[in-house]
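Student: Okay, handing you the structure first.
Protein chains: 2
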Amino acid sequence: MKAHKDLDHFFAPASVAVVGATPNKAKGGYSIIANMLESFGGPVYPVNPGRTEINGEKCYASLRDLQGKVELAVVFVPASQVPGVLEDGAAAGIKAAVIESGGFAETGEEGRELQDRCLRIAREGGMRLWGPNCTGLVNTDPLIFTPFIRFPDLRTRLQRGNLGIIAQSGMMAAGFMMQYLLTGFFKVSKACAIGNKMDVDEVEVLAYLADDPNTEAVVAYLESIGDGRAFVEVARRMAGAKPLVVLKGGRYEESARAALSHTASIAGSDEVIEGALRQAGVLRVHDFQDLMDLGKAFSLNPRPFGAASAEGNRIAVVTVSGGGGVVASDLARDNGLSIPPLREETLEKLRRVFPPWMAPGNPVDIWPAIEQNGFDAFSGSIEAVLADPGIDGIVLLTFASRIIGAFPFEELGEKMRRAGKPMVSWVFGDARFFDTYRDSMESIGAPVYTTVRSCVKALAAYLHFGRWSRLEAGEPVSG
Amino acid sequence: MKAHKDLDHFFAPASVAVVGATPNKAKGGYSIIANMLESFGGPVYPVNPGRTEINGEKCYASLRDLQGKVELAVVFVPASQVPGVLEDGAAAGIKAAVIESGGFAETGEEGRELQDRCLRIAREGGMRLWGPNCTGLVNTDPLIFTPFIRFPDLRTRLQRGNLGIIAQSGMMAAGFMMQYLLTGFFKVSKACAIGNKMDVDEVEVLAYLADDPNTEAVVAYLESIGDGRAFVEVARRMAGAKPLVVLKGGRYEESARAALSHTASIAGSDEVIEGALRQAGVLRVHDFQDLMDLGKAFSLNPRPFGAASAEGNRIAVVTVSGGGGVVASDLARDNGLSIPPLREETLEKLRRVFPPWMAPGNPVDIWPAIEQNGFDAFSGSIEAVLADPGIDGIVLLTFASRIIGAFPFEELGEKMRRAGKPMVSWVFGDARFFDTYRDSMESIGAPVYTTVRSCVKALAAYLHFGRWSRLEAGEPVSG
Chain A
107 MKAHKDLDHF FAPASVAVVG ATPNKAKGGY SIIANMLESF GGPVYPVNPG RTEINGEKCY
167 ASLRDLQGKV ELAVVFVPAS QVPGVLEDGA AAGIKAAVIE SGGFAETGEE GRELQDRCLR
227 IAREGGMRLW GPNCTGLVNT DPLIFTPFIR FPDLRTRLQR GNLGIIAQSG MMAAGFMMQY
287 LLTGFFKVSK ACAIGNKMDV DEVEVLAYLA DDPNTEAVVA YLESIGDGRA FVEVARRMAG
347 AKPLVVLKGG RYEESARAAL SHTASIAGSD EVIEGALRQA GVLRVHDFQD LMDLGKAFSL
407 NPRPFGAASA EGNRIAVVTV SGGGGVVASD LARDNGLSIP PLREETLEKL RRVFPPWMAP
467 GNPVDIWPAI EQNGFDAFSG SIEAVLADPG IDGIVLLTFA SRIIGAFPFE ELGEKMRRAG
527 KPMVSWVFGD ARFFDTYRDS MESIGAPVYT TVRSCVKALA AYLHFGRWSR LEAGEPVSG
Chain B
107 MKAHKDLDHF FAPASVAVVG ATPNKAKGGY SIIANMLESF GGPVYPVNPG RTEINGEKCY
167 ASLRDLQGKV ELAVVFVPAS QVPGVLEDGA AAGIKAAVIE SGGFAETGEE GRELQDRCLR
227 IAREGGMRLW GPNCTGLVNT DPLIFTPFIR FPDLRTRLQR GNLGIIAQSG MMAAGFMMQY
287 LLTGFFKVSK ACAIGNKMDV DEVEVLAYLA DDPNTEAVVA YLESIGDGRA FVEVARRMAG
347 AKPLVVLKGG RYEESARAAL SHTASIAGSD EVIEGALRQA GVLRVHDFQD LMDLGKAFSL
407 NPRPFGAASA EGNRIAVVTV SGGGGVVASD LARDNGLSIP PLREETLEKL RRVFPPWMAP
467 GNPVDIWPAI EQNGFDAFSG SIEAVLADPG IDGIVLLTFA SRIIGAFPFE ELGEKMRRAG
527 KPMVSWVFGD ARFFDTYRDS MESIGAPVYT TVRSCVKALA AYLHFGRWSR LEAGEPVSG
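Protein sequence lines correspond, in order, to chains A and B.
Numbering (this note's numbering) for the first sequence: 107 to 585.
Numbering (this note's numbering) for the second sequence: 107 to 585.
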């Protein structure tokens, strides 16, 4: 494995040059330099032979004019000019370059040769290369943001977070970035768009994130895994300690062929990949939304929950809708979860808040109890279920309405913390109150989703990670 | 099968009484009378022995005071009072009653006896009963809205639509209603929450919707199917003509047991149900979101698309992200779709807008072409693929950004109409532009989703319905 400490040159450089910087706001080179000047903590040098000044900053003709001053170069010029830029960089003593330009191996033989030339120059000059054909990287601490997409007010908008993101495709990486920047869907430590990965690859980045104290969980969208053995080695090291979720496309022959043409990857046999990921405790998903949903779940709760039952997959469904409870139970079973009967002492507690005609069970249909006893019945029922020694986690189905603000969220959070069990929630009903509910629930560590499926998948992921953590600790896990 | 024409008494009564009407805004009886007074076209009579006036309207002590004046009674009083109300109604000559109150068969033996008593009174008095334990029904033409949830400005907000909804669980029906009322997710013709269905049941309602000219597609959430043979008979009648999507919970033994306790249903064996639904061409889904997603798809396009290929399941993925194309292809394969190579004449057209280094294929990765030729390349590529005689439909993956407004939506719509092929779209990227993109695309008949999975499922549903329509027409379908 490569010395991934080199990656500090990318994630925490002392100084940065932007080659291809321009004052033309329609160009990516403008976005990069404008973002950098606004957000980067150290010196930022625009480089463009056709300009003398950009956004009030002196512009340099070449990296050679910045001898010894630059640690990292961000390069966004036509592919044919990149080798020259790298020669300049090597001569100027830069340590690393993020090449965002396209037009390399993904465009055929000529581009592949160009890529090889870049790599030779870098190796001879002692430089590490990131990309090409990508949006580069983001670090939220210390702040660096290389993508060629303009984000004003990065310093205030880019909040520190604990989730590491790896995305091979630049467009997808940009999509992720938009999501978390604009919606606060999750908070990121580092986001890495690795593109053609001619030098720095998914294994090295993953190893870096595995050791990064700011990164507590990782989601990765990969189109290919170059060195499967090395990848699994890092994944195994993370198993049970730092959650890792992977979306790897190309599961069928025809889609694998499509992956091959894109980002110039060689796709391995999916059966091998599937087996390797499973043995390394990696959670595999098949849609971008699933990757983001689990990113949110693990960003909220990166550390494993202790399992109550020996099997570690036994859940309760607490629901305001009997029908919702049935559908959630089906989906839970689809996802390898079990919905066991509750213990007698739990049922006894539930009977106290349930109407006499209603026998409590699992799913716990709490609507009649709420109708009779108000929100006290709601939180009382959840408390009883959380205390059940045979239950590992809870799916909560809630109807959002005007009265949701009166719900005792903090009290519930305290009960969850004491029980040490995960809870996830589906919300439906009056969409005007979804945000209030979601913000309140997520502030107490319970992620909220708007499909039952995502909700159940998130709980299954928590419990999967919990079981791996017990396995790694040498504790027995049955079932 | 019962004479479902009786249901006109519910969906289009000449006059309505609300029994349990109250001026107390915290009560459901207020919501019902307030909604009715604002929205119903004919006379509305509040009934409550404890009041003389409600919202400025004279209040009657009993249905007996309204001899011959009332066609439909909406009843929301404690369960024990319902038989008396029905006796009054029978004496006053009412034709039908929606009983929204809970406390019947779902609460045990005593409630079941109460329910039987109600049924006897109704049969003797020549009345039809809807419910109990439900929110009743909605018709958008003529307008009637019985749920005990307050919706001000119903007359303007409740738009006419073409989608019929059946939901056994009241809470879920309410959730659906919120969705469509507040977000315009889809437009409804009739929404039916059938609750304990002691008289009017899912079969009769489905038969009514099957014959209703305002209803062009139906989505149903069912917890039980009482008379499977009759249900399948109606479904078979709809097959290939009016799309029918069903969510039927209780697929496992433990969840089926839970369904049994809720709404007092007897759940049949899921294997039998699965087989029967499949043979009747019904689309079955497993999550509420899927039901709503397909409701939107069929509300936009209720009539079958003609298939181009013999198999009728061959699609193209047109994408701005190579990686997105790979993931969409995987999910398409998961859903029984095929992603065949494009015809030579199609590839030739694509080559004209693609950069020389890029060989077009399926998925059609159009980003490099857009970079080179702008949005013309985008719509040109879609046009070429729509014209391919081996392609039945398109999944379009788009990145939303500021420039999306410049996209030639109407031109695209014209091309889709001419080709007679379905297109569905996933949108990602800058969420601030999702609404613009969705509204524009859906105005030309292409539903937009924010997960690739829903997008692929919607296209699979269109093509499934198309194949059934050809089968029903006696045309051959291979594969």
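Heads up, the beta-carbon is just placed ideally off N, CA and C, and yes, glycines get one too.
This structure is a prediction, so every number in the text was calculated from the model and none was measured.
1. With respect to the alpha helix (DSSP H) encompassing Ser560/B, which residues constitute its N-terminal and C-terminal limits?
2. Anything in chain B within Cβ reach of Asp393/A, meaning under 8 Å, just list it in chain order.
3. Just grab the DSSP bridge partners of Val204/A for me.
4. Which runs of the alpha helix (DSSP H) spanning at least 4 residues fall entirely within the region 292–322 of chain B, listed in chain order?
5. In chain A, which residues lie with their C-beta within 9 Å of the C-beta of Ile445/B?
6. Taking the alpha helix (DSSP H) that Gly412/A belongs to, which residues open and close that run?
7. Could you give the residue range of the alpha helix (DSSP H) that holds Arg524/A?
8. Would you call the region 526–535 of chain B in contact with the region 498–508 of chain B, where contact means no fewer than 3 C-beta pairs closer than 8 Å?
9. Going straight from the alpha carbon of Val306/B to that of Cys561/B, what length do you get?
10. Is it buried or exposed, Gly148/B, if we count other Cβ atoms within 10 angstroms and call 16 or more buried?
11. Asp307/A versus chain B: which residues are under 9 Å apart at the beta carbon?
12. Using the rule of at least 16 other Cβ atoms within 10 Å of the residue's Cβ for burial, across every protein chain shown, is Gln221/B buried or exposed?
13. Going by C-alpha to C-alpha distance, which of Gly551/A, Phe540/A, Val204/A, Gly499/A sits closest to Ile509/A?
14. For the candidate residues Phe117/B, Arg573/B, Ser531/B, Gly209/B, whose alpha-carbon lies nearest to that of Glu177/B?
15. Quick one: list the residues of chain A neighbouring Leu453/B, beta-carbon separation under 8 Å, in chain order.
16. Would you call the CB atoms of Ala280/B and Ile271/B closer than 9 Å?
17. For Leu443/B, which residues from the same chain have a beta carbon less than 6 Å from its beta carbon, with the 5 sequence-adjacent residues on both sides left out?
18. Answer with buried or exposed for Lys164/B, where buried requires no fewer than 16 other C-beta atoms within 10 angstroms of its C-beta.
19. Is the Cβ-Cβ distance between Leu350/B and Ala323/B less than 9 Å?
20. Mind checking if Val426/A is an interface residue toward chain B, Cβ cutoff 9 Å exclusive?
21. Using 8 Å as the cut-off, can you tell me whether the region 334–347 of chain A makes contact with the region 385–394 of chain A, which would need three or more C-beta pairs spanning the two stretches below that distance?
22. Along the chain, where does the alpha helix (DSSP H) that runs through Trp473/A open and close?
23. I want to know whether the region 170–185 of chain B touches the region 198–207 of chain B - three or more CB-CB distances under 8 Å.
24. Whose Cβ in chain B lies nearer than 8 Å to the Cβ of Leu353/A?
25. Can you say whether Asp393/B is buried or exposed, counting buried as having 16 or more other CB atoms within 10 angstroms of its CB?
26. Check the Cβ of Tyr327/A against every Cβ in chain B and list those closer than 8 Å, keeping chain order.
27. Spell out whether any CB of chain A is found under 9 Å from the CB atom of Ile372/B.
28. Between Val204/B and Leu243/B, which are expected to be in contact by the criterion C-beta below 8 Å, what is the C-beta distance as a whole number of angstroms?
29. Chain B beta carbons: is any one of them nearer than 9 Å to that of Thr289/A?
30. Which chain A residues sit within Cβ distance under 8 Å of Gln274/B?
31. Using a Cβ-Cβ cutoff of less than 6 Å, which residues in the same chain neighbour Ile67/A once the five nearest sequence positions on both sides are dropped?
32. Between which residues of its own chain and Ala382/A is the CB-CB distance below 7 Å, once the five residues before and five after are set aside?
33. Select from Glu144/A, Ala465/A, Ala123/A, Glu359/A the residue whose C-alpha is nearest the C-alpha of Val433/B.
34. Report the rounded CA-to-CA distance for Asp396/A versus Gly356/B, giving the unit in angstroms.
35. In this structure, does DSSP put Tyr358/B in helix, strand or coil?
Tutor: In this structure, then:
1. Here residue 560/B is taken as the residue at index 454 of the second sequence, counted from 1. Per DSSP, the continuous alpha helix (DSSP H) segment holding Ser560/B begins and ends at 558–578.
2. As a first step, residue 393/A must be located in the first sequence, where it is residue number 287. The contacting residues are Val433, Leu437, Thr557, Val558, Arg559.
3. For the purposes of this step, residue 204/A is taken as the residue at position 98 of the first sequence. Residue pairing by DSSP places Val204/A opposite Val180/A, Trp236/A in a beta bridge.
4. The qualifying runs are 308–317.
5. Numbered from its first residue, the second sequence carries residue 445/B at position 339. Result: Tyr358, Glu360, Ser361, Ala364.
6. Taking the first residue of the first sequence as 1, we reach residue 412/A at position 306. Run containing Gly412/A: none; DSSP gives neither H nor E here.
7. The residue labelled residue 524/A in the question sits at position 418 within the first sequence. Looking at the DSSP string, the run of the alpha helix (DSSP H) that includes Arg524/A is 515–525.
8. Contact holds: three or more Cβ-Cβ distances are below 8 Å.
9. To locate residue 306/B, count along the second sequence from 1; it is residue 200. To locate residue 561/B, count along the second sequence from 1; it is residue 455. Roughly 35 Å separates the two Cα atoms.
10. Taking the first residue of the second sequence as position 1, residue 148/B is located at position 42. Burial call: exposed.
11. Translated into positions along the first sequence, residue 307/A becomes position 201. Contact of Asp307/A with chain B by beta-carbon distance below 9 Å is absent, the smallest such distance being about 16 Å.
12. Position 115 of the second sequence, counting from 1, holds the residue named residue 221/B. Around the beta-carbon of Gln221/B, 16 or more other beta-carbon atoms lie within 10 Å, marking it buried.
13. Numbered from its first residue, the first sequence carries residue 509/A at position 403. The shortest Cα separation from Ile509/A among Gly551/A, Phe540/A, Val204/A, Gly499/A belongs to Phe540/A.
14. Sequence index remark: in the second sequence, residue 177/B carries index 71 (1-based). Comparing Cα positions, the closest option is Phe117/B.
15. On the second sequence, residue 453/B is found 347 positions in, with the first residue counted as 1. Per Cβ cutoff of 8 Å: no residues; Leu453/B is ~14 Å from chain A at best.
16. What you label residue 280/B is simply residue 174 of the second sequence in a count that begins at 1. What you label residue 271/B is simply residue 165 of the second sequence in a count that begins at 1. No, the Cβ-Cβ distance between Ala280/B and Ile271/B is not below 9 Å.
17. For this step, residue 443/B is matched to residue 337 along the second sequence. Closer than 6 Å at the Cβ level, and outside the excluded window around Leu443/B, lie Asn419, Ile421, Ala566.
18. On the second sequence, residue 164/B is found 58 positions in, with the first residue counted as 1. Only exposed fits Lys164/B, as fewer than 16 other CB atoms lie within 10 angstroms of its CB.
19. As a first step, residue 350/B is located in the second sequence; it is residue number 244 there, counting from the start. As a first step, residue 323/B is located in the second sequence; it is residue number 217 there, counting from the start. Their beta carbons are under 9 Å apart, which means Leu350/B touches Ala323/B by this criterion.
20. Taking the first sequence and counting its residues from 1, the one referred to as residue 426/A is at position 320. Contact with chain B is found for Val426/A, since one of that chain's Cβ atoms lies less than 9 Å from the residue's Cβ.
21. Yes, the region 334–347 of chain A touches the region 385–394 of chain A.
22. Taking the first residue of the first sequence as position 1, residue 473/A is located at position 367. That run of the alpha helix (DSSP H) goes 473–479.
23. Taking a contact to require three or more Cβ pairs closer than 8 Å, the region 170–185 of chain B and the region 198–207 of chain B qualify as touching.
24. Working through the first sequence from its first residue, we reach residue 353/A at position 247. From the beta-carbon of Leu353/A, the residues of chain B found nearer than 8 Å are Val433.
25. Here the question's residue 393/B lines up with position 287 in the second sequence. Around the Cβ of Asp393/B, a 10 Å sphere holds 16 or more other Cβ atoms; the residue is buried.
26. Sequence index remark: in the first sequence, residue 327/A carries index 221 (1-based). Gly429, listed in chain order.
27. Counting from one through the second sequence, the residue named residue 372/B turns up at place 266. In this prediction, Ile372/B has a pLDDT of 44, which is less than 50 and means its spatial position is unreliable; what the coordinates show is noted afterwards. No, Ile372/B does not count as interfacial toward chain A.
28. Locating residue 204/B in the second sequence gives position 98, where the first residue counts as 1. Locating residue 243/B in the second sequence gives position 137, where the first residue counts as 1. Here Val204/B really is in contact with Leu243/B; their C-beta atoms are around 7 Å apart, less than 8 Å.
29. On the first sequence, position 183 is the one that residue 289/A refers to. So, interface residue.
30. What you label residue 274/B is simply residue 168 of the second sequence in a count that begins at 1. By Cβ distance, chain A contributes Gly429.
31. Residue 67/A lies beyond the range of chain A shown here (107 to 585); nothing can be said about it.
32. As a first step, residue 382/A must be located in the first sequence, where it is residue number 276. So the list reads Gly334, Val338, once near-sequence residues are dropped.
33. On the second sequence, position 327 is the one that residue 433/B refers to. Among Glu144/A, Ala465/A, Ala123/A, Glu359/A, the Cα nearest to that of Val433/B is on Glu359/A.
34. Sequence index remark: in the first sequence, residue 396/A carries index 290 (1-based). Sequence index remark: in the second sequence, residue 356/B carries index 250 (1-based). About 24 Å.
35. For the purposes of this step, residue 358/B is taken as residue 252 along the second sequence, with counting starting at 1. Three-state result, Tyr358/B: coil.
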